[in-house]
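Chemist: Below you will find the structure I want to go over with you.
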Amino acid sequence: MGNSLPGTGKIEKNWREILTPEEYAVLREGGTERAFTGEYWDTKTEGVYSCRACGTELFRSAEKFESHCGWPSFFQTHEGATTEHVDTSHGMTRTEVRCATCGSHLGHVFADAPGQPTGMRYCMNSAALTFAPAQ
């Protein structure tokens, strides 16, 4: 019925009708927005970050930190909210992070944040997220 990354997610929709071209390129085709251009890379407001495609809550602002990489970075996701997959594109091996509910590509996770509680850096695309400020 809809378009999706192969073998992922529990939701099928006509993503091209729902998402903007940039959102589709990131969420459904595994693209990456340019560093320091996304809506949330330097947001410091308290609140919740969710999957732009399906609305699943992924991160809280208390888990966000400044990694100086140009993308929103978090040290952990909500338990069970994401899945991880080996990504060998671009001549390297990385760990891709997808929404567990809809299978959308969110970004990558790296074990290069020793100053953070988990030591992990979830480097996400703003185009893959929505943000709801705390009330």
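Everything in the sequence shown is counted per the numbering used here, starting at 339 for the first residue and increasing by one.
For every residue, glycine included, the Cβ atom is placed at its ideal position computed from N, Cα and C.
#1: Would you mind sorting residue 391 into buried or exposed? The rule is 16 or more other CB atoms within 10 Å of its CB.
#2: Hey, quick one: how far does the alpha helix (DSSP H) through residue 361 stretch, first residue to last?
#3: Could you compute how far the alpha carbon of residue 358 sits from the alpha carbon of residue 436?
#4: Would DSSP call residue 432 helix, strand or coil?
#5: With distances taken Cα to Cα, identify the nearest neighbour of residue 381 among 418, 369, 408 and 366.
#6: Give the single residue among 457, 467 and 473 whose Cα lies nearest to the Cα of residue 419.
#7: Where residue 353 and residue 389 are concerned, what is the direct C-alpha to C-alpha distance, given to the nearest angstrom?
#8: Whose C-beta lies closer than 8 Å to the C-beta of residue 406 among residues of the same chain, with five residues either side of it excluded?
#9: From what residue to what residue does the beta strand (DSSP E) around residue 354 run?
#10: For residue 458, I'd like the list of residues in its chain whose CB is within less than 8 Å of its CB, leaving aside the five on either flank, ordered along the chain.
#11: Which residues in the same chain as residue 400 place their Cβ atom closer than 8 Å to its Cβ, once the five residues preceding and following it in sequence are excluded?
#12: On a Cα-Cα basis, can you pick out the residue from 443, 469 and 395 that is closest to residue 360?
#13: Report the residue from 455, 470 and 441 whose alpha carbon sits nearest the alpha carbon of residue 351.
Modeler: By the coordinates alone:
#1: Taking the sequence shown and counting its residues from 1, the one referred to as residue 391 is at position 53. Counting Cβ neighbours within 10 Å, residue 391 comes out buried, since at least 16 surround it.
#2: The count along the sequence shown starts at 1 and reaches residue 361 at position 23. First-last of the alpha helix (DSSP H) with residue 361: 359 to 365.
#3: Locating residue 358 in the sequence shown gives position 20, counting from the first residue. Locating residue 436 in the sequence shown gives position 98, counting from the first residue. One C-alpha to the other measures close to 18 Å.
#4: By 1-based counting over the sequence shown, the position of residue 432 is 94. Correct three-state label for residue 432: strand.
#5: In the sequence shown, residue 381 corresponds to position 43, counting from 1. For residue 381, the nearest C-alpha among the options comes from 408.
#6: Residue 419 sits at position 81 when you count from the first residue of the sequence shown. Taking only the C-alpha atoms, the option nearest residue 419 is 467.
#7: Along the sequence shown, read from residue 1 onward, the residue named residue 353 stands at position 15. Along the sequence shown, read from residue 1 onward, the residue named residue 389 stands at position 51. For the pair residue 353 and residue 389, the Cα-to-Cα distance works out to about 13 Å.
#8: Locating residue 406 in the sequence shown gives position 68, where the first residue counts as 1. Excluding residues within five positions, none has a Cβ falling inside 8 Å.
#9: By 1-based counting over the sequence shown, the position of residue 354 is 16. First-last for residue 354: 353 to 356, but that is the alpha helix (DSSP H), not the beta strand (DSSP E).
#10: For the purposes of this step, residue 458 is taken as residue 120 along the sequence shown, with counting starting at 1. These residues qualify, in order along the chain: 413, 414, 447, 448, 449 and 451.
#11: The residue given as residue 400 occupies position 62 in the sequence shown. Answer for residue 400: 384, listed in chain order.
#12: Start at 1 with the first residue of the sequence shown, and residue 360 comes out as number 22. Of 443, 469 and 395, the residue nearest in Cα terms is 443.
#13: What you label residue 351 is simply residue 13 of the sequence shown in a count that begins at 1. The shortest C-alpha separation from residue 351 is found at 441.
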